[in-house]
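What follows is a set of notes on a single structure, which appears directly below.
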Amino acid sequence: QSLWIHRKHDDLKGIFGDAPTAVREAKRQFDNAMGVMLTELKDCSKDCDDDGDDDNDDDSYHLIPSFGFSAADILFVHCCNWAQQIGWLEKKS
Numbered sequence: 483q484s485l486w487i488h489r490k491h492d493d494l495k496g497i498f499g500d501a502p503t504a505v506r507e508a509k510r511q512f513d514n515a516m517g518v519m520l521t522e523l524k525d526c527s528k529d530c531d532d533d534g535d536d537d538n539d540d541d542s543y544h545l546i547p548s549f550g551f552s553a554a555d556i557l558f559v560h561c562c563n564w565a566q567q568i569g570w571l572e573k574k575s
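Residue numbers 483 to 575, in my numbering, belong to the letters of the sequence shown in order.
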């Protein structure tokens, strides 16, 4: 939702109207949601790696660890890429 609000009221403001307050609030909402997602992923990487070693098996970093790689992971990466493109998320190499 936040990314689409940015798209409508920043990139497509000629069609949907300029709404800088809505875009700022959308950015705040995105930052809050991203913070929750990152916390959940970090917590899960600790809790889900239960094989006794400290290697953080790849399965522990999926959004649904019991399921493994899923559409949820793809959608999350898509949103992260979109956020990077509009400058809401820092690109790290």
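Quick reminder that beta carbons are idealized off the backbone N, C-alpha and C, glycines included. Please read these numbers as outputs of a predicted model, since none were measured by experiment.
Measuring alpha carbon to alpha carbon, tell me which of the options ends up nearest residue i.
i	options	result
Arg-489	Ala-515, Leu-557, Ile-568, Phe-512	Ile-568
Ala-508	Glu-572, Ala-565, Lys-574, Ser-552	Ala-565
Arg-506	Leu-485, Val-518, Leu-545	Leu-485
Asn-563	Met-516, Gln-511, Thr-503, Arg-510	Met-516
Thr-521	Phe-498, Leu-545, Arg-510	Leu-545
Asp-513	Gly-550, Gln-483, Lys-574	Gln-483
Quick check: what's the CA-CA separation for residue i versus residue j?
i	j	result
Asp-525	Gly-496	43 Å
Tyr-543	Glu-572	20 Å
Val-518	Pro-502	25 Å
Leu-494	Asp-500	8 Å
Leu-557	Gly-550	14 Å
Are there any heavy atoms of the ligand NAD lying less than 7 Å away from the beta-carbon of residue i, as far as the coordinates show?
i	result
Ile-487	As presented, the structure is devoid of all ligands, the ligand NAD included, so that no description of it is given.
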